[in-house]
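Chains as they are written, first to last, in this note's numbering: chain E, 1100 to 1418; chain H, 1100 to 1418.
Cβ coordinates follow ideal geometry from the N, Cα and C atoms, glycine included.
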């Protein structure tokens, strides 16, 4: 038996961990209550600062995020952490990683950690992550840290919604470092060279600076490279200071309002697409139907317009 | 007075330049005839090889594409060229650049050149380019060359639809080379170092190879770097040979059918999104309405769900 949505919203705003967890599950499962809840909460958002953290597996992102979160907590600020894995079908507050990570902050009501993963072929993970960020914003978190495994377009779409994007790299990963796709260069506002006590750190820093010299500064900001050893808490305060500097750099810009409107134009188009696509192809058998149609088109047995019209007709979106 | 669509389709298949031009205009303007025409033509597609060519302004892409086209013509193959500029609102066969370029091939019925540009805030240029490529395929072109100005996500979406992607770079561009965004590294199947007779060519080649060493080979293909001086027709035959090698590498793969199905799944989702978005926000006043809603949301006067529902209701897509 669920409480009325107004009560639920009050519980979220008060930072109630169970109410927040239940809301995230509702967002992930496209439950209609999620929308009703977010509607009530939306006027109370816009206060949190969103930091996106991405990089290849093995770069120590989770440790870095934990230390950054602990740093903010010491400044008596509330923190929310969303760990997103677009390559995994598993999700929810119950997975092992979250449990272990939560233990360090178990008694801390000012900290909320939750992992999310891909649900289904229609994507929508970026939209779901954005909605969870709004939720944590409304719950009074001053900082929302969004951590993703950085290897593809999905991750880029996810961290792109953040106010500030950190790209984490590490020396001596061997072949794994090749997974650090060059596309990350474009979205990083700050580059973190973690495990900087390793032998190859200088060489990686030079490579990184050489690659960054090919990227144009955005609005007067030249992305810096910061060295950290997250496991020893080294460089964390400096990193938090650089994030604050970045925030100030863009917060003082007269272009801020215009940027927010542009941001929401994109978000509204995404929400619209997601809503319509869900109606057209969501539900049981949607993916199988799409694969079947794509096979017929690839074999030239059916043209793509007929295929799309069939989908629209079946979902009542034609006319 | 238009001829019936069946006649039009016959004219396109016969390679009639006027019929093709009129079809491209219909595709660009979302005219319903375009869909009827492409439906008739679709069974006759699947023969052309699509090569995407991208790179910063000033790299000599147009000259390179012209020379590559001329090379294919000498082999008695038919060629279509689509020059796409996502940053420009101007389009159509009448612009100056096309006229100048066409002069060199004026008497050649085996060559078709057309430029395309962005129409409107809803994007859709990648979809329109894909449809024009289908059209030229049906018109019997053996090679379709898609040329874009490579600086952002739009260009990447456009060349991504090609079977083979060339990224063109040039030494000594100074600041302009910084426009060569690192994201291009990921999508290039072949890298072309044009104007390779310039002083800095060796240094650029080394930088390029260093950056490429960070990108993983895809399905056994390590993207090579080729040197050309397009204006002097140097290296063009070698480039055409490398494209043929790439085609053979992937054409012989047993994964080919699976790849085609995956390709069409994405294309069908895109077409579906484009169709629905056009209905939701296309037409007069659509962009102004979106900007207005985004402003209200950014100012927290309205929540994003209410905004999206208003759009759906207005366009009859609710329920």
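Could you tell me whether the stretch 1331-1348 of chain H touches the stretch 1323-1337 of chain E, where touching means 3 or more Cβ pairs closer than 8 Å?
-> no
Is residue 1333 of chain E near the ligand SAM, going by C-beta to nearest heavy atom under 8 Å?
-> Ligands are entirely absent from the displayed structure, and the ligand SAM is therefore not among its contents.
Within 9 Å (strictly less), CB to CB, does residue 1389 of chain E reach chain H?
-> Working through the first chain from its first residue, we reach residue 1389 of chain E at position 290. At least one chain H Cβ lies under 9 Å of residue 1389 of chain E.
Look at the Cβ atom of residue 1180 of chain H, then the Cβ atom of residue 1260 of chain H, and state whether they are nearer than 9 Å.
-> Here residue 1180 of chain H is taken as the residue at index 81 of the second chain, counted from 1. Here residue 1260 of chain H is taken as the residue at index 161 of the second chain, counted from 1. Not closer than 9 Å, so no.
Might you give, ordered along the chain, the residues of its own chain that have their beta carbon closer than 8 Å to the beta carbon of residue 1273 of chain H, omitting 5 neighbours on each side?
-> The residue you call residue 1273 of chain H lines up with position 174 of the second chain. Summary for residue 1273 of chain H: the model assigns pLDDT 46, below 50, so the residue's position carries little reliability; its value from the coordinates is reported in the next sentence. Excluding positions up to five away in sequence, the list is empty.
For residue 1367 of chain E versus residue 1387 of chain H, is the C-beta spacing smaller than 9 Å?
-> Reading the first chain from its first residue, position 268 is the one you call residue 1367 of chain E. Reading the second chain from its first residue, position 288 is the one you call residue 1387 of chain H. The answer is no: Cβ separation not under 9 Å.
Check whether the stretch 1107-1120 of chain H touches the stretch 1235-1242 of chain H, counting contact only when three or more Cβ pairs, one atom from each stretch, lie closer than 8 Å.
-> yes
Entirely within the stretch 1144-1177 of chain H and at least 4 residues each: give me those alpha helix (DSSP H) ranges in chain order.
-> 1160-1173
Which of helix, strand or coil DSSP assigns to residue 1280 of chain H | The sequence position of residue 1280 of chain H within the second chain is 181, counting from 1. With a pLDDT of 49 at residue 1280 of chain H, under the threshold of 50, the modelled position of that residue is not reliable, and the figure given next carries that caveat. DSSP places residue 1280 of chain H in coil when its eight states are reduced to three.
Outcome for residue 1146 of chain E when other beta-carbon atoms lying within 10 angstroms are tallied against a minimum of 16 | Walking along the first chain from the start, residue 1146 of chain E turns up at place 47. Label assigned to residue 1146 of chain E: exposed.
Distance, residue 1364 of chain E Cα to residue 1210 of chain H Cα = Position 111 of the second chain, counted from the first residue, corresponds to residue 1210 of chain H. Position 265 of the first chain, counted from the first residue, corresponds to residue 1364 of chain E. Computed Cα separation, rounded: 41 Å.
Please name the residues in the stretch 1334-1359 of chain H whose beta-carbon is closer than 8 Å to at least one beta-carbon of chain E, in chain order.
-> 1356 and 1359
Give the interface partners of residue 1367 of chain E over in chain H, defined as CB-CB distance under 8 Å, in chain order.
-> Walking along the first chain from the start, residue 1367 of chain E turns up at place 268. Within 8 Å Cβ-Cβ: 1389, 1392, 1393, 1396, 1403, 1406, 1407 and 1410.
Span separating the alpha-carbon of residue 1411 of chain E from that of residue 1317 of chain E = Your numbering for residue 1411 of chain E matches position 312 in the first chain. Your numbering for residue 1317 of chain E matches position 218 in the first chain. Straight-line Cα distance between these residues: approximately 41 Å.
Proximal chain H residues relative to residue 1364 of chain E, where beta-carbon distance stays under 7 Å | Residue mapping note: residue 1364 of chain E aligns to position 265 of the first chain, counting from 1. Chain H residues near residue 1364 of chain E: 1389, 1390 and 1393.
Option nearest residue 1134 of chain H by Cα separation, candidates H:1309, H:1233, H:1153 and H:1298 = Taking the second chain and counting its residues from 1, one reaches residue 1134 of chain H at position 35. Of H:1309, H:1233, H:1153 and H:1298, the residue nearest in Cα terms is H:1233.
Anyone know if the C-beta pair for residue 1416 of chain H and residue 1416 of chain E falls short of 9 Å?
-> Within the second chain, the letter at position 317 stands for residue 1416 of chain H. Within the first chain, the letter at position 317 stands for residue 1416 of chain E. Result yes, Cβ atoms of residue 1416 of chain H and residue 1416 of chain E sit closer than 9 Å.
What is the residue span of the alpha helix (DSSP H) that residue 1140 of chain H lies within?
-> Here the question's residue 1140 of chain H lines up with position 41 in the second chain. 1131-1140 is the span of the alpha helix (DSSP H), which, as asked, contains residue 1140 of chain H.
Would you call the CB atoms of residue 1397 of chain E and residue 1356 of chain H closer than 9 Å?
-> In the first chain, counting from the first residue as 1, residue 1397 of chain E sits at position 298. In the second chain, counting from the first residue as 1, residue 1356 of chain H sits at position 257. In this structure, residue 1356 of chain H lies closer than 9 Å to residue 1397 of chain E by Cβ.
Since residue 1138 of chain E meets chain H, which of its residues come closer than 8 Å, beta carbon to beta carbon?
-> Within the first chain, numbered from 1, the residue matching residue 1138 of chain E stands at position 39. Ordered by position in chain H, the residues that pass the 8 Å Cβ test against residue 1138 of chain E are 1402, 1404 and 1405.
Leaving out five residues before and five after residue 1104 of chain E in sequence, what residues of the same chain have Cβ atoms less than 7 Å from its Cβ?
-> Position 5 of the first chain, counted from the first residue, corresponds to residue 1104 of chain E. Only 1132, 1135, 1136 and 1139 meet the Cβ criterion.
Who are the neighbours of residue 1372 of chain E on chain H, taking C-beta pairs under 7 Å?
-> Residue numbering aside, residue 1372 of chain E sits at position 273 when the first chain is read from its first letter. Correct list: 1372 and 1376.
For chain E, find out if any of its Cβ atoms is closer than 9 Å to the Cβ of residue 1144 of chain H; answer yes or no.
-> Taking the second chain and counting its residues from 1, one reaches residue 1144 of chain H at position 45. Closer than 9 Å: yes.
Nearest residue (CA-CA) to residue 1270 of chain H, options H:1159, H:1177, H:1346 and H:1320 | The count along the second chain starts at 1 and reaches residue 1270 of chain H at position 171. Residue H:1159 is the option with its Cα nearest to residue 1270 of chain H.
Contact set for residue 1395 of chain E: own chain, Cβ-Cβ below 8 Å, skip 5 residues either direction = Start at 1 with the first residue of the first chain, and residue 1395 of chain E comes out as number 296. Only 1401 and 1406 meet the Cβ criterion.
Whether residue 1263 of chain E touches residue 1149 of chain E by CB criterion (9 Å) | In the first chain, counting from the first residue as 1, residue 1263 of chain E sits at position 164. In the first chain, counting from the first residue as 1, residue 1149 of chain E sits at position 50. A contact, by the Cβ cut-off of 9 Å.
What does a CB cutoff of less than 6 Å around residue 1257 of chain H pick up in its chain, not counting 5 residues either side in sequence?
-> Residue 1257 of chain H sits at position 158 when you count from the first residue of the second chain. So the qualifying residues of the chain are 1183, 1225, 1228 and 1247.
Since residue 1346 of chain E is in the alpha helix (DSSP H), which residue starts that stretch and which ends it?
-> Residue 1346 of chain E sits at position 247 when you count from the first residue of the first chain. 1335-1350 is the extent of the alpha helix (DSSP H) around residue 1346 of chain E.
Cβ pair residue 1289 of chain E, residue 1349 of chain E closer than 9 Å | Residue mapping note: residue 1289 of chain E aligns to position 190 of the first chain, counting from 1. Residue mapping note: residue 1349 of chain E aligns to position 250 of the first chain, counting from 1. No; because the gap between Cβ atoms is not below 9 Å, this pair is not in contact.
Along chain E, in chain order, which residues have C-beta atoms closer than 8 Å to that of residue 1416 of chain H?
-> Translated into positions along the second chain, residue 1416 of chain H becomes position 317. Neighbours of residue 1416 of chain H on chain E, chain order: 1375 and 1416.
Residues that DSSP places opposite residue 1397 of chain H in a beta bridge | Here the question's residue 1397 of chain H lines up with position 298 in the second chain. None; residue 1397 of chain H has no bridge partner.
Taking only beta-carbon positions, decide if residue 1321 of chain E is within less than 9 Å of chain H.
-> Here residue 1321 of chain E is taken as the residue at index 222 of the first chain, counted from 1. No, because no Cβ of chain H sits closer than 9 Å to the Cβ of residue 1321 of chain E.
Is it the case that the Cβ atoms of residue 1375 of chain E and residue 1376 of chain H are separated by a distance below 9 Å?
-> As a working note, residue 1375 of chain E is residue 276 in the first chain. As a working note, residue 1376 of chain H is residue 277 in the second chain. Cβ distance < 9 Å, so residue 1375 of chain E and residue 1376 of chain H count as in contact.
Throw me the rounded Cβ distance for the residue 1127 of chain E and residue 1268 of chain E pair, which I believe falls under 8 Å.
-> Taking the first residue of the first chain as position 1, residue 1127 of chain E is located at position 28. Taking the first residue of the first chain as position 1, residue 1268 of chain E is located at position 169. Not really, about 30 Å apart at Cβ, beyond 8 Å.
Residues of chain E with CB under 9 Å from residue 1268 of chain H, in chain order?
-> The residue you call residue 1268 of chain H lines up with position 169 of the second chain. Simply none; closest approach about 11 Å.
Is there a Cβ from chain H that is less than 9 Å from the Cβ of residue 1309 of chain E?
-> Here residue 1309 of chain E corresponds to residue number 210 of the first chain, with the count starting at 1. At least one chain H Cβ lies under 9 Å of residue 1309 of chain E.
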